[in-house]
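**Q**
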């Protein structure tokens with residue numbers, strides 16, 4: 540049972556490039572989340588989804604887009620990467636009835 | 494928007510000393526969760542509190558949810574080196590499913 544899997548784990552981009560982070564969960568969870576973690580700022584919610592085909596904005600959504608075409612996958616896209624998006628990105632999923640978040644191991648993104 | 498603050502930001506303790514971190518929300522919460530993140534790792538769920546004034550214990554860890562459901566605390570009795578990490582609270586408001594995390598408290602335990 541893999542839980543929450545994030546790919547890629549590391550990526551270096553140049554300013555202006557685009558990329559997609561993939562989050563896959565095999566626990567049949569309804570809710571999925573994307574957070575970014577920066578030193579001294581904790582975890583900040585980018586976007587989240589409460590079900591297949593639905594997404595909503597979090598605290599810091601600008602510069603990111605998301606899609607949840609399948610229940611088990613939640614994609615985070617950067618259309619035109621900026622140095623300010625250098626961060627560690629965490630995906631999490633949650634069953635609707637408990638609220639407990641299960642996190643992936645993180646994806647470290649560097650934008651030069 | 495909803496904001497969640499934690500204090501202190503850092504705490505160094507000698508092994509065996511107690512440790513407390515406090516979490517304060519700008520809005521009333523429907524529930525609050527606590528997570529632990531080891532250095533280089535990902536956050537791991539510890540507990541969820543739902544009721545006003547609720548107190549829960551897990552071995553040496555005691556969690557409290559304030560009467561007004563706007564603050565919470567985590568207390569560790571007799572810290573051990575295995576307690577090292579960053580502790581986060583995360584709250585959600587009624588009718589939403591988004592969890593806003595606090596800024597975290599980084600705990601170092603000196604042997």
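Protein chains in written order, with our numbering: chain U, 540 to 651; chain P, 494 to 604. Yeah, the Cβ is synthetic: ideal placement off N, Cα and C, and Gly gets one too. Quick caveat, the model's predicted, so the values are computed rather than measured.
Taking 7 Å as the CB-CB limit, is residue 581/U close to chain P?
**A** yes
**Q** Look at the alpha carbon of residue 548/P and the alpha carbon of residue 579/U, and state the distance between them as a whole number of angstroms.
**A** 28 Å
**Q** Taking the straight line between their C-alpha atoms, what separation do you get for residue 560/P and residue 547/U?
**A** Inter-residue distance for residue 560/P and residue 547/U is about 43 Å (C-alpha atoms, whole angstroms).
**Q** Roughly how many angstroms lie between the CA atoms of residue 651/U and residue 611/U, to the nearest whole one?
**A** 31 Å
**Q** Nearest-angstrom Cα distance between residue 514/P and residue 527/P?
**A** Straight-line measurement puts the Cα of residue 527/P at about 11 Å from the Cα of residue 514/P.
**Q** Going by alpha carbons, who is nearest to residue 583/P out of 553/P, 512/P, 507/P, 523/P?
**A** 523/P
**Q** So residue 529/P contacts chain U; which residues on that side make the cut at Cβ distance below 9 Å?
**A** In chain order: nothing, as chain U lies at least about 11 Å away.
**Q** What is the DSSP secondary structure of residue 623/U, counted as helix, strand or coil?
**A** Residue 623/U falls in the helix class under three-state DSSP.
**Q** Who are the neighbours of residue 598/U on chain P, taking C-beta pairs under 8 Å?
**A** 494, 593
**Q** What is the DSSP secondary structure of residue 574/P, reduced to helix, strand or coil?
**A** helix
**Q** In chain U, which residues lie less than 7 Å from residue 535/P when you measure between Cβ atoms?
**A** 629, 642, 643, 644, 645
**Q** To the nearest whole angstrom, what separates the beta carbons of residue 565/P and residue 525/P, a pair I think is in contact under 8 Å?
**A** That pair is a contact at about 5 Å.
**Q** Hey, how far is the Cα of residue 585/P from the Cα of residue 634/U?
**A** 15 Å
**Q** With the cut-off set at 7 Å, would you say residue 508/P and residue 604/P are in Cβ contact?
**A** yes
**Q** Report back the beta-carbon spacing between residue 557/U and residue 608/U to the nearest angstrom; my notes put them in contact at under 8 Å.
**A** At roughly 18 Å, the Cβ-Cβ gap does not stay under 8 Å, so residue 557/U and residue 608/U are not in contact.
**Q** Quick one: is residue 603/U near chain P, going by C-beta distance under 7 Å?
**A** no
**Q** How far does the beta strand (DSSP E) with residue 586/U in it extend, from its first residue to its last?
**A** That run of the beta strand (DSSP E) goes 582-590.
**Q** Verify whether the separation of the beta carbon atoms of residue 559/U and residue 648/U is less than 7 Å.
**A** Cβ distance not < 7 Å, so residue 559/U and residue 648/U don't count as in contact.
**Q** Beta-carbon within less than 8 Å of residue 569/U's beta-carbon, same chain only, minus the 5 sequence neighbours each way: which residues are those?
**A** 589, 590, 610, 633, 634, 635
**Q** What's the gap between the Cα of residue 587/P and the Cα of residue 553/U?
**A** 41 Å
**Q** Should residue 496/P and residue 519/P be called a contact, given that it needs their Cβ atoms to be closer than 7 Å?
**A** yes
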